[in-house]
Amino acid sequence: MTTSELCDWLRITRTTVWKWRKEGMPYHGSGKALRYKRYEVEEWLKKRESENK
């Protein structure tokens, strides 16, 4: 999915996406061709949540 689709899905801003990428959220490509796999993002979010408990 694209960055716009990711933002719509998770109801987050592009700034949050940028911060999460810097924190290790998985993505593919570079520049304007960035793409995200839903299952990878879901797994990353679950792992992140469990580490913050």
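Oh and the sequence shown: position 22 is 48 in our numbering, straight run, nothing missing. Backbone N, C-alpha and C fix where the C-beta goes; we use that ideal spot for every residue, glycine too. This one's a predicted model, so the numbers in the text were calculated from it and none came from an experiment.
- A residue is called buried when at least 16 other Cβ atoms come within 10 angstroms of its Cβ; residue 65 does not meet this threshold and is exposed.
- Leaving aside the five residues that flank residue 47 on each side, the residues in its chain whose CB is nearer than 7 Å to its CB run, in chain order, 53.
- Pairing residue 34 with residue 27, the inter-Cα distance amounts to about 10 Å.
- Comparing C-alpha distances from residue 50 to each of 30, 69 and 79 shows the shortest one belongs to 69.
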